[in-house]
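Protein chains in written order, with my numbering: chain A, 1 to 241; chain B, 1001 to 1241; chain C, 2001 to 2241; chain D, 3001 to 3241; chain E, 4001 to 4241; chain F, 5001 to 5241.
C-beta atoms are modelled at their ideal positions from N, C-alpha and C, and glycine is treated no differently.
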């Protein structure tokens, strides 16, 4: 099985971490490849960044389809371009936010999301609503830690995540925690340990890896998104793309 | 007051109709100008079209902000790029779908939307949910009439709209009708008359004109979207835009 | 265009403020007149007050309809008699609470209402539910300031409003503030400035003026409430009115 | 125990039926008395009728409180003035619509209401929402039978009720039926029998009698509405009442 | 009228309290009998306890049906086996949680439940959702007081209930309190007094007694659960029961 | 990885089909074993059957935990005993209904469930509500085909499933279909083909296999249900188990 990760930014320095984590988590019969965008933003931290990433994502999604890839993971918690991408191809396209919210909904009574920035709180609430699991959302909390500082400051990031996760459990009645950025990959275990030490032993979900596992499962099941929801786009003149 | 209409397609032949209808509806002290996109699709009938229109929209929105325009109408019922556009500027940016759904919610018990294509039905249901008025949505019905045929076939389009509106009233208990495409502008009165003749006298909402009136009202009120919901995008490297 | 404000109390000393604020906010081609009730309470601060105001309101609404007025604003945040009034006439009848909640829902992620009295908190929650925008309501907070003290104590009222608005933004995640009494008219700008100084720059909505602008827009649009939702009352014997 | 029925109309010819049915249903230790309004409409079939009945209802409620009555039933499915009445007194005030919707919610998966007139359909949907049981409402259907014809045409009314109840069960998946007007009192058993014959054996709820039983139960329990929700109205000048 | 209380545990020492409280609350023409389980847990404080109580409950329910009993109360706030029990018989089967949540929904704006243990908080939230009254739930709070210590420690329990009830009123905006365990029977009045002294005069609901009164009312009304929702179980081979 | 299927009935003749389908679907490194109950019903088609299966399920779940099994699938769409089972062990326990509803929610706009019997329709609606995905449920339809006839009548069953699935797509706007009984395993592909031939090409979900894949994914992810939602049951006396 071949799974393509589309990391929807232009900051290629994240590449080694991404490949290492996805490869470690993938089943032995799964080949994971990662691509960055040709055009787009350095990171996605706003609706604006998100919007400018999408055309580049769609190009990579189409290309993956033409290469005969089995499934695609859009490697960002904003799930940028998820719906449009599903129109473009018929192979599974997985968004880490959608996949991890549905998994977390099964793991416990309510879940909280730890966002990178306070400005993204409304966006996660809107995503929970759009994905139909709003009633399972306990809260969204922020660590105020810009994406592009993540490569360097992992220790500080980890401590901030534990701190906010403890508050989510103790004040917001969260029973499950979702890391709110795929750039936090590799930290779930550490945060889970930190929570245990603080007397809050709850599952911590790494959304990028959940997306990978959801992709594997859908390919195994021979299932993909409904083309009744995501029909191919009608042919028409388009300038600039 | 100066209001800028951003018609988010490249099909400039719609220009005269757009200017005529908006100008006729605008208050005497309001100057309306319309721009099309430099890059983007011929029409918006899918999530894919929508996604490829947004970067072009954001360029026009930024430009309007720099010109000192008072408010912006994004002239498409998909409200493409609405959230990102509000991040880019602080003047009001109005989406016809959002504005007309909230108005329709005030006019009667429940409203129905008449979409151009069946494939857009889920999208309107999702928009009603995202805008917080899902409980006021009676149904979404389609006339199956591609956008680019609208310039020629207005009579047939009008008949189809009446037909579906009657069904919305009689079968879905709609008390208000929203035309589901800004390309239907100028037809609301005709459809309302058609409904009256068929024994279903309910208000018919022209979303483009509602967006204009909402823009006028917000400028008058000295109000615009909350920058707490739509903060300016963080500065960062972006390739290709 | 002629707009009739029905201020549903008997306390005529509010008259000059009302006329001044509405006239200042109205478009130049709009003539605003205000009437008080012949029978009813001195102020509306309970369901009981509300109920005893309604027959008087309906008389004034009917009279406005007979005078050929273009639209009516019921000048109270309880929207007393709104549904019955719409049955009585076919011209637009606007409730400040309904109109401002729908506008606030468009301006940001969630809004809070600042009520005059704690006892009115449930009522505003119920109104948000009835108007279909409950998911956009962040909270209702009270300034505990009786309506009839408002004429004298505007400075203290303004300070209390800023205080509660800051709490709404910081504790309840409100992104937009609605003043919860039409007697607070003229204070929105001041409260907005106060919020800015306190580091919470969010829009503050004056519901009375929003109602006026909504009335202007509906008349411009040639739209009014659906008579399918608000049919004329059946003729029958009625004693006492 | 003394229970006061306030029948909120001026049509006293309904008196004997009302007394007979309530007395037959009341426990042996319960004394039921019925009063009509001094001022108000002949029947309640609109928001307008409802509004004009409320001041008269509040007068009768206050009087019942002063007489030392134990509980009050407002004998109309619109529950007119229910909230204001609860402010006026501390003894239980029961609305047949609220009481029967909550009972029906316990009896089966979903319930339908059979309204007298099509124009009341939105009102019942709004009441289910306001009472917090919207998810248990299967549908509202109408028999189109004006209230004031009920005294004469009970046989035809009964047939119409069975007809619509069958549709509610077969088309709308109703598992419980609520008669939508207290003027239908005495017909529940007949309609239940009719449903059985038509292969739809489901419970049929008589809302007036349910209100009586709810009143009895609350008095037995020593419970009444929360004065935190329904505090006494503040003292103030009121003209005309 | 004969009402059977099924107390779904094996701890028979609760027997005298149960009989005394139910008998004191029952109408004079009602005979209450209580049975414990032949097999099952000592108390119900988990989904596990609940599951192991249900077969024993169903045996007692069937037996009550065969004895010609008029209605059954399952005497536990988890309402264990409620749906299955209603399949087994056609006489009313009342769950204290369902009955008291619907009553509390009528008494005030929102209600809180005081659970015995923190681990039961999600369960009460799920029950409010399942019974269709989630929007009326203010909060669930716990007194952390194991069921089997209740017989001895009633004074301490009462103090803890007042403490949590005060928090529910002051912090969670509860307007009505429901005692969250039928083992708390007899304490409602005391807790109500305690709340009054602390400046929070709101109704306190004893769920066991509410269940009894609901059973009495349904028998009086000649109503029971819909067999369309709860049809008799199909005949089939079953091992072990 | 070792996965234990607990088929919660006593009808062991289903054994070969179950093993064959699960083994064919499992990854090569996964060993699947199946157990039936020692005590319980022949099939699960009511709340009553469900209740009598649960103690037997919990015994098998505890045993699987003691054997060092990695994850458990409860092989029935009623998800009987799911919550109690998760209290008993800390390894993942997967319910096919919960897992397939969350997957279907990701695959398309809305999904429908095809139940075996009409009497189970409310139960599936309640499950969608309990799992937090009610807004994604288009409808529940029944094939009226008793579970114990499934072994013989697979061809007729398959035809009935296609027939109801077509109606779900065409009348209820379902974009995804879930087979409503794990006894339908092996038929998803056939039904999907049937739908394609009838012009309704949408994904068909086999819930048993989805449960298996969800179990595999959770074990890979090192995740299981939150013990904050599902704490171990308190020790106490229990008679009969």
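Flag this pair as yes or no: are the beta carbons of residue i and residue j separated by less than 9 angstroms?
i                       : j                       : result
residue 4226 of chain E : residue 3166 of chain D : no
residue 4112 of chain E : residue 4137 of chain E : yes
residue 2096 of chain C : residue 2074 of chain C : yes
residue 4092 of chain E : residue 4072 of chain E : yes
residue 4180 of chain E : residue 4116 of chain E : yes
Would a check of beta-carbon distances place residue i closer than 9 angstroms to chain B?
i                       : result
residue 5173 of chain F : yes
residue 2205 of chain C : yes
residue 3133 of chain D : no
DSSP three-state label for residue i, please.
i                       : result
residue 1217 of chain B : helix
residue 4031 of chain E : strand
residue 2179 of chain C : strand
residue 2222 of chain C : coil
residue 5117 of chain F : coil
residue 3040 of chain D : strand
residue 5078 of chain F : coil
residue 3191 of chain D : helix
residue 4002 of chain E : strand
residue 1246 of chain B : Lying outside 1001 to 1241, the shown extent of chain B, residue 1246 of chain B is not represented and no answer is given.
residue 5085 of chain F : helix
residue 2209 of chain C : helix
residue 1174 of chain B : coil
residue 290 of chain A  : Residue 290 of chain A lies beyond the stretch modelled for chain A, which goes from 1 to 241, so this question has no answer here.
Can you find a C-beta in chain A that's less than 9 angstroms from the C-beta of residue i?
i                       : result
residue 2225 of chain C : no
residue 1237 of chain B : yes
residue 4996 of chain F : Lying before the first or after the last residue shown, residue 4996 of chain F is absent from chain F, which here runs from 5001 to 5241.
Using a C-beta cutoff of 9 angstroms, does residue i count as contacting chain D?
i                       : result
residue 1029 of chain B : no
residue 1038 of chain B : no
residue 2140 of chain C : no
residue 2052 of chain C : yes
residue 5116 of chain F : no
residue 4201 of chain E : yes
Determine, for residue i, whether the minimum Cβ-Cβ distance to residues of chain E falls below 9 angstroms.
i                       : result
residue 2125 of chain C : yes
residue 5152 of chain F : no
residue 3213 of chain D : yes
residue 2121 of chain C : yes
Please report whether the beta-carbon of residue i lies at a distance below 9 angstroms from any beta-carbon of chain C.
i                       : result
residue 4220 of chain E : no
Does any CB atom of chain F fall closer than 9 angstroms to the CB of residue i?
i                       : result
residue 1243 of chain B : In the structure as shown, chain B begins at 1001 and stops at 1241. Residue 1243 of chain B is therefore absent and cannot be evaluated.
residue 167 of chain A  : no
Segment contact, 8 angstroms Cβ cut-off, at least three pairs: the stretch 1146-1160 of chain B with the stretch 1120-1129 of chain B: Result no; under three Cβ-Cβ pairs closer than 8 angstroms.
Three or more C-beta pairs below 8 angstroms linking the stretch 5128-5145 of chain F and the stretch 5163-5177 of chain F: Judged by pairs of C-beta atoms under 8 angstroms, the stretch 5128-5145 of chain F touches the stretch 5163-5177 of chain F, as three or more such pairs exist.
Chain E contacts from the stretch 5079-5108 of chain F (Cβ-Cβ distance under 7 angstroms): For the stretch 5079-5108 of chain F, which is checked against every Cβ of chain E, the residues closer than 7 angstroms are 5081, 5083, 5084, 5087 and 5088.
Interfacial residues, the stretch 1057-1077 of chain B to chain C, with Cβ spacing under 9 angstroms: The residues in question: there are none.
At least three beta-carbon pairs within less than 8 angstroms, the stretch 4184-4194 of chain E to the stretch 3205-3220 of chain D: Because the criterion of three Cβ pairs below 8 angstroms is not met, the stretch 4184-4194 of chain E and the stretch 3205-3220 of chain D do not touch.
Meets three-Cβ-pair contact criterion under 8 angstroms: the stretch 3002-3012 of chain D and the stretch 3033-3041 of chain D: The stretch 3002-3012 of chain D, when compared against the stretch 3033-3041 of chain D, does touch it at the 8 angstroms Cβ threshold.
Inter-stretch contact at 8 angstroms, needing at least 3 Cβ pairs: the stretch 4041-4058 of chain E / the stretch 4001-4009 of chain E: Verdict: yes, contact present.
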